[in-house]
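Quick notes on the structure that follows.
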Amino acid sequence: MPITLTISDGLLSPQAQAEAFAGLTSALLEVSGFTGNSFMTANIVGTINVLAREHVLAAGQSAPAAFIELKLPEIALTAPEAKRAFIEKATDILEHAGEGRLKREHIWINIVYAPEWAWGIAGRSFSNNDLIDAIQAAPPAGQRPTAPSPGNQPNR
959 MPITLTISDG LLSPQAQAEA FAGLTSALLE VSGFTGNSFM TANIVGTINV LAREHVLAAG
1019 QSAPAAFIEL KLPEIALTAP EAKRAFIEKA TDILEHAGEG RLKREHIWIN IVYAPEWAWG
1079 IAGRSFSNND LIDAIQAAPP AGQRPTAPSP GNQPNR
């Protein structure tokens, strides 16, 4: 579930960028109800793009600003309340990270959806049902899947 954070150069320190991205990851897991799910945790990925100040614009003018784009499969954050909750949490995270240098009204967020079968991980195209199955089968984050018991080994 890629998150793209784009900010003006000098707006956030490298440490604040990392903390903000970690906060966005936690916010997505929390709002979607998947905190602790190893499949979801491992597949929230993204980039932080730091652009020259003159390349970040608001109202056609250079401005200290932040843009968050969240790409999701169609099955994620489907309820309007979930979208609102993520947007509110993400805005709070960036405003806090900006330490007064970033106005709330200069934080924009959009959520973009990939159609069914257009979600790929490790070279595999996933249907919505495939994603649900992978999420439900995943062990808790930080826990390895259990090995089959000796009497339950696959045929070789």
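Note that my numbering has the sequence shown beginning at 959, numbered continuously upward. All residues carry an ideal CB built from backbone N, CA and C; glycine is no exception.
Assignment of beta-bridge partners to A1016 by DSSP yields Q1019. DSSP, reduced to helix, strand and coil, places K1041 within a helical segment of the structure shown. Assigned with DSSP and collapsed to three states, I1079 falls in strand. In the DSSP annotation of this structure, the continuous segment of the alpha helix (DSSP H) that includes V989 starts and ends at 972-990.
Per DSSP, the unbroken alpha helix (DSSP H) holding A1092 starts and ends at 1086-1095. Within 10 angstroms of the beta-carbon of E1053 lie 16 or more other beta-carbons, which makes it buried.
Secondary-structure assignment with DSSP links I1051 through no beta bridge to anything. Check the Cα spacing between I1065 and each of A1024, F1084, D1050: the tightest is with A1024. When DSSP states are grouped into helix, strand and coil, E1063 belongs to the helix group.
DSSP places E1027 in the strand class (E or B) of the three-state scheme. Ranked by how close their Cα comes to the Cα of I1006, the residues P1098, Q975, E1046 have Q975 in first place. Straight-line measurement puts the Cα of S966 at about 15 Å from the Cα of F979. Judged by DSSP secondary structure, T999 falls within the alpha helix (DSSP H) whose first and last residues are 996-1000.
In the DSSP annotation of this structure, I1033 is not part of any beta strand (DSSP E), being labelled neither H nor E.
S996 is positioned such that its CB atom lies closer than 8 Å to that of A1099. Contact between the stretch 1047-1062 and the stretch 1084-1100 is absent: fewer than 3 CB-CB pairs across the two stretches fall below 8 Å.
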